[in-house]
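Here the sequence shown is numbered in my numbering, starting from -9 and rising by one per residue.
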Amino acid sequence: MDANDPVVEKGREIFSLMEAEQPAVFDRHRWAGELMHLAMKDPHLKVQLFRFVDAFPTLTSSELITRHLREYFLSGEAHLSPIVQQLLVGASSGLASGVTSAILRRNIMSFARTFIAGETPASAGKTLQRLRETGRTFTVDLLGEAALSEQESSRYSDLYLELVEHLAADLRHRHAPAPLREDLFPYLNVSVKASSLFPRIGPLNYEESVEQVRVRLRPIFRKVREAGGFINLDMEMFSLKNITIESFIALLDEEEFAGWNGAGIALQAYLKETEEDLYRLAEWAESGRRKVTVRLVKGAYWEYETVNAAQKGWPSPVFPRKTHTDWNFERCAEFMLRNSHCITSAFGTHNVRTLAFVLATAERVSVPSGEFEVQMLYGMAEPVKSALREMGQVVREYVPIGELLPGMAYLVRRLLENTSNEGFLRQAFVENVDRDALLAPPEPWRREEHVVSSEEPGFRNEPPLDFSLPENRRGCREAVQRVRGKLGSLYPVVIDGKEYPAGNSIESRNPSNPDEIVGTVFGIDRELADRAVASAVKAQAVWRAASAQERADVLFRAAAIARRDRLELLAWQVLETGKNWAEADADVIEAIDYLEYYGREMLRLGGRRRLICPPGEENLYHYQPRGVGLVIAPWNFPLAISVGMTAAALVTGNTVLYKPSSLSPVNGWQMFRLFREAGLPDGVLSFVPGKGEAVGDHLVAHTDIDFIAFTGSREVGLHIVELAGRKAYGQRSVKHCVIEMGGKNAIIVDEDADLDQAVAGVVHSAFSYQGQKCSACSRVIVLAGCYDRFVQRLADAVRTIAVGPAEDPACFMGPVIEGGPRDVILGYIETAREEGRVIQGGPVPESGWYVPPTLALDLPPESRLLREEIFGPVLAVMRAKDLDEALRLANGTDFALTGGVYSRSPATIQRVMAEFRAGNLYINRSITGAIVGRQPFGGFGMSGLGSKAGGSDYLLQFMVPRVITENTMRRGFTPEVIA
């Protein structure tokens, strides 16, 4: 390392001025400091500690604290110091538990106050006064991750206005300490999060998000300007980045704010796009002859962004290592300082190397210390702050204010930052890493070293569309318009490759606009049904002889076609079944996943497998197709479930008669087209739409039908099972049924649940796609300890749901599928009004088959709304006094499809896992949205026969196993002996 390097010189100067004591967070004389050191040594304890801190605000009694302490710490493998062990044991035993729990609460509250100045501007007054008296400046942030309702957004807006007013009054006549320039960095300084202002903010709803954030920021910007202060728009998750930047630019371009430079925006150096965003902001400022303040930070959501991208199959937006973030920070910092004519720089970091680079670069490009700012988090890196002040650099502290409950997410992020293996503070103050090593230049990121090959073998889930990308939003709009130009077409029956464009017509209409005909499909009669079965019998003799590879290749080609036509397939669902863009896209990619997954599964199962073979005996195990199958598909997943059942039957060597739902027949045609274009031989798959009552029973009972795959209602499913169980004359096999039916699915909300997470998850589970999923949540069972708080927030969130045409991305909910089902759902809602209490969302459009999102509360135990599947946006809310009652209520139906629990109690989670009757159980997440290969889907009880779509055993439903045994001994010798 070059000792004369200006960066190294600055870094050594900072280190030499740093005081000997450690930051308060690492002070081992404090209870919290001791725990931090233990956590850094014991990864298991670290996980348990952070989870306990996250849950702590909901532990409102000594009993709850005691139980969670025992579950998190005393039943695990954490190695605790005697002092901490004694405290934990005391908190979980006998009469001392109340006293010890109070001590623990006091310690954790004290720990939180290390990073959080107070719950309100008034309660934080002493802390802010102390900062002022010691010559320090600060920006105040109101804690809160996101608003879930208009009520919460309004509350945040009011709090921001109140905060500005409070600070303006308190800071009046006070002067900023030198060398801070008041014109560049006003002493009154607040930070705002866009997500707190608009509950429906998100990339899918991009245009409305930008407009509403702009509208709701306007009065706050106005008040800050009138007070002569400064406002900074914080940066949050990557998905909100472009919304935040565009809202910021659009607002400051308004005539009212022309020439005002009192607003800034944060950028995160861990994002690969940050340099590009900086160029954009600089160009905007320069073209408008203004200066824009940019707060450059490292970024606080690295773990979330990394995990989220991995789950979605998207490229990670963040750099893979911290050193790459540091490298990018330095590049961006130099750009900012070199462009000080249009950018006012604020640098948020605790890293001495990064700070030294900023100070050295500022000197090199002649930017005085009073014309840029260093910002650090309140409660962290005190020795570094002191050193910078001695060097004449003003440090602004980022001071959070807010209630403990919303502050926990912030606190946990601080804990992660302080204990990270790569974190500077840990390396400098705990690990005592050599200072020269800490001052070494960060490692550059080289793009080509981190490219993941798309040719990797094995199954990979198809990534969903990233709606933060403008090309995806534009593509969806254009696809809807293209498909709209194709509406009204006629679709024939297809048997053995021959089209029959006549017969009983089925007219499909757009549920968002019933006057719009999506298409007309011709339905089969009994004569055509018999012809289709005969064609399938004939084709099956040839198709079953095709190799597993040949059959799988058809699926792979169909998957490629679906990828090519992805947006149009999405658009057909938007217009025919009322799915919004995200729900329609999820259906399309699930279909692609089934094609890819089942193709690979057939390659795995397609060969012969040797069993135990003693000398002189050869035992082979293999599968053969069942024969001819009837696939009866539902309308709510018109592509995914249709493809899943059909692909499984075809790839295993069967021939199929495919009968789409009469409510989504045009989407059924799209599925048929995929296989046809993929080169499936004529006769192997027939397209045979028709009304169930006209030909359904005839086909199910047909002598030559060997199996039926059905997804739909319990009544129809049980009827099919009963009908299939009757032997017809000449029938040579027992008809096999693969039946998936409905659910009356419940989510349990424990009293220690994260209500931000639980409310959002329940809303998504109950009301996404208008509750028209067999997996949808129709009952939420809330423990008494949090019932009132949960119901109030849930009701506010439901009132915030936007309902309208499915093609409008601003609408979370669209129409239900048809007028008849709508009337049935409305009938249930009227029953709920008579039996209990109803809370509904806002008004819905008059044109179209719409139902408002509805909560049904205080229903009697015998209410049919608690037992019957409604298949619409109606959610029953139930109170349970304890977990015993919650599980009894959850299991109190004949169905067993999906279920969920929101809890932060390890013991509760384990018990629910053992006792909740559900084919798919979800913990602390939505109960809809099963993904192929990751959450194989299917229920038992009255929800189905137990098979799991998208799982490793699903193809076995469409084949029969055979064992072939050969005696290889001849005249006393065997091939093994001769060999």
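Every residue gets a Cβ at the ideal spot worked out from N, C-alpha and C, and that includes glycine.
Legend entry - Y840 in three-state terms, based on DSSP: Here residue 840 refers to the residue found at position 850 when the sequence shown is read from its first residue. If DSSP states are grouped into helix, strand and coil, Y840 belongs with coil.
Inset, instruction - Closer than 6 Å by C-beta to G673: which residues in its own chain qualify, once you throw out the five before and the five after it? Chain order, please. - result: The residue labelled residue 673 in the question sits at position 683 within the sequence shown. Only D486, S525, A529 meet the Cβ criterion.
Legend entry - Rounded C-alpha distance that separates V200 from I239: Counting from 1 along the sequence shown, the entry for residue 200 is found at position 210. Counting from 1 along the sequence shown, the entry for residue 239 is found at position 249. Going from the Cα of V200 to the Cα of I239 covers about 10 Å.
Inset, instruction - Whole angstroms is fine: what's the gap from V442's alpha carbon to I579's? - result: Counted from its first residue, the sequence shown places residue 442 at position 452. Counted from its first residue, the sequence shown places residue 579 at position 589. Only weak support is given to the placement of V442: the predicted model assigns it a pLDDT of 46, under 50, and the value that follows is read from those uncertain coordinates. Computed Cα separation, rounded: 20 Å.
Inset, instruction - Decide if V752 is buried, meaning its Cβ has at least 16 other Cβ atoms within 10 Å, or exposed. - result: Position 762 of the sequence shown, counting from 1, holds the residue named residue 752. The residue in question, V752, is buried, as its Cβ has 16 or more Cβ neighbours within 10 Å.
Legend entry - Buried or exposed by the 16-neighbour rule on C-beta atoms within 10 Å, applied to P169: Taking the sequence shown and counting its residues from 1, the one referred to as residue 169 is at position 179. Note that P169 has pLDDT 47, beneath the 50 cutoff, so the model's placement of it is unreliable and the number below is only indicative. P169 comes out exposed.
Inset, instruction - Mind the definition here: the stretch 254 to 264 touches the stretch 304 to 321 only if three or more C-beta pairs lie below 8 Å; say whether that holds. - result: yes
Legend entry - Selected residue, minimal CA-CA separation from T104, among K725, R812, Y368, L664: On the sequence shown, residue 104 is found 114 positions in, with the first residue counted as 1. The shortest Cα separation from T104 among K725, R812, Y368, L664 belongs to Y368.
Legend entry - Beta-carbon proximity check, R972 vs L241, cutoff 7 Å: The shown model of the chain, from -9 to 969, leaves out residue 972, and the question about it has no answer.
Inset, instruction - Go ahead and pull the three-state DSSP assignment for H709. - result: By one-based count along the sequence shown, residue 709 stands at place 719. Looking at H709 - three-state DSSP - the assignment turns out to be helix.
Inset, instruction - Measure from the alpha carbon of W533 to the alpha carbon of each residue in G617, R599, N500, then state which is nearest. - result: One-based indexing of the sequence shown puts residue 533 at position 543. Comparing alpha carbon positions, the residue from G617, R599, N500 closest to W533 is G617.
Legend entry - Whole-Å CB distance - F697 paired with V728, under 8 Å assumed: Here residue 697 corresponds to residue number 707 of the sequence shown, with the count starting at 1. Here residue 728 corresponds to residue number 738 of the sequence shown, with the count starting at 1. Contact flag correct, Cβ pair sits at about 7 Å.
Inset, instruction - Report all residues from its chain with a CB closer than 6 Å to the CB of N983; omit the five preceding and five following residues, and keep chain order. - result: Missing from the structure shown is residue 983; the chain here goes from -9 to 969 and no further.
Inset, instruction - Taking F5 as the reference, give the member of L675, T344, T110, P189 with the closest Cα. - result: Position 15 of the sequence shown, counted from the start, is the residue given in the question as residue 5. Residue T344 is the option with its Cα nearest to F5.
Legend entry - E981 and E372 closer than 7 Å at C-beta: Residue 981 is absent from the model: the chain starts at -9 and stops at 969.
Inset, instruction - Using three-state DSSP, classify F963 as helix, strand or coil. - result: As a working note, residue 963 is residue 973 in the sequence shown. Note: F963 maps to strand in three-state DSSP.
Inset, instruction - Select from L845, R779, P863, P833 the residue whose C-alpha is nearest the C-alpha of D813. - result: Taking the sequence shown and counting its residues from 1, one reaches residue 813 at position 823. Selected option, being the one with the closest Cα: P863.
Legend entry - C-beta atoms of E468 and I551 nearer than 7 Å: Start at 1 with the first residue of the sequence shown, and residue 468 comes out as number 478. Start at 1 with the first residue of the sequence shown, and residue 551 comes out as number 561. Contact: no.
Inset, instruction - For the beta strand (DSSP E) containing C322, list its first residue and its last residue. - result: Mapped onto the sequence shown, residue 322 falls at position 332. From DSSP, C322 is part of no beta strand (DSSP E) but of the alpha helix (DSSP H) over 312 to 328.
Legend entry - Backbone CA spacing between A581 and P454 [nearest angstrom]: As a first step, residue 581 is located in the sequence shown; it is residue number 591 there, counting from the start. As a first step, residue 454 is located in the sequence shown; it is residue number 464 there, counting from the start. About 12 Å.
Legend entry - Cβ contact (3+ pairs, closer than 8 Å) linking the stretch 792 to 799 and the stretch 493 to 504: Taking 8 Å as the limit for Cβ pairs, the verdict is that the stretch 493 to 504 does touch the stretch 792 to 799.
Legend entry - 7 Å Cβ cutoff met for Q947 and S937: Numbered from its first residue, the sequence shown carries residue 947 at position 957. Numbered from its first residue, the sequence shown carries residue 937 at position 947. Contact flag set, yes.
Legend entry - With 16 other Cβ atoms within 10 Å as the buried cut-off, status of V221: Within the sequence shown, the letter at position 231 stands for residue 221. For the sequence presented, residue 221 should be read as Ile rather than Val. The residue is buried, with at least 16 neighbouring Cβ atoms inside 10 Å.
Inset, instruction - Check V389 in the structure and name its three-state DSSP category. - result: Locating residue 389 in the sequence shown gives position 399, where the first residue counts as 1. Looking at V389 - three-state DSSP - the assignment turns out to be strand.
Legend entry - Proximity winner among I191, R208, G254, relative to M227 (alpha-carbon distances): Here residue 227 refers to the residue found at position 237 when the sequence shown is read from its first residue. Considering only alpha carbons, the answer is I191.
Inset, instruction - Following the continuous beta strand (DSSP E) through C767, name the residue where it begins and the one where it ends. - result: Taking the sequence shown and counting its residues from 1, the one referred to as residue 767 is at position 777. Residues 767 to 773.
Inset, instruction - Using the Cα positions of E155 and F128, report the straight-line distance between them to the nearest angstrom. - result: On the sequence shown, position 165 is the one that residue 155 refers to. On the sequence shown, position 138 is the one that residue 128 refers to. When rounded, the distance between both Cα atoms is 16 Å.
Inset, instruction - Could you tell me whether the Cβ atoms of G931 and A886 are closer together than 7 Å? - result: What you label residue 931 is simply residue 941 of the sequence shown in a count that begins at 1. What you label residue 886 is simply residue 896 of the sequence shown in a count that begins at 1. Contact: yes.
Legend entry - Helix, strand or coil at G125 according to DSSP, with G and I counted as helix: To locate residue 125, count along the sequence shown from 1; it is residue 135. Coil at G125, not helix or strand.
Inset, instruction - Under 6 Å Cβ to Cβ from R590, same chain only, skipping five residues before and after it: list those, please. - result: Stepping through the sequence shown from its first residue, residue 590 is reached at position 600. Closer than 6 Å at Cβ, skipping near neighbours: F449.
Inset, instruction - Closer than 8 Å by C-beta to Q471: which residues in its own chain qualify, once you throw out the five before and the five after it? Chain order, please. - result: Working through the sequence shown from its first residue, we reach residue 471 at position 481. Cβ neighbours of Q471 beyond the five flanking positions: none.
Inset, instruction - Consider the Cβ of E506: report whether some Cβ of chain C lies at a distance smaller than 7 Å. - result: The chain labelled as chain C is not found in the depicted structure, where only one protein chain is given.
Inset, instruction - Pull up the CB-CB distance for G680 and I514, whole angstroms please, since I reckon it's below 8 Å. - result: Position 690 of the sequence shown, counted from the start, is the residue given in the question as residue 680. Position 524 of the sequence shown, counted from the start, is the residue given in the question as residue 514. Right, the Cβ-Cβ distance comes to about 5 Å (below 8 Å), so this counts as a contact.
Inset, instruction - Please confirm if the stretch 770 to 778 is in contact with the stretch 740 to 754, defined as three or more CB-CB distances below 8 Å between the two stretches. - result: At 8 Å Cβ cutoff, the stretches touch.
Legend entry - Whole-angstrom distance between E852 and R474, CA atom to CA atom: Counting from one through the sequence shown, the residue named residue 474 turns up at place 484. Counting from one through the sequence shown, the residue named residue 852 turns up at place 862. Rounded to whole angstroms, R474 to E852 spans 46 Å at the Cα level.
Inset, instruction - Taking Y613 as part of the alpha helix (DSSP H), name the residues at either end of that continuous run. - result: Translated into positions along the sequence shown, residue 613 becomes position 623. Here Y613 belongs to no alpha helix (DSSP H); instead the beta strand (DSSP E) covers 607 to 615.
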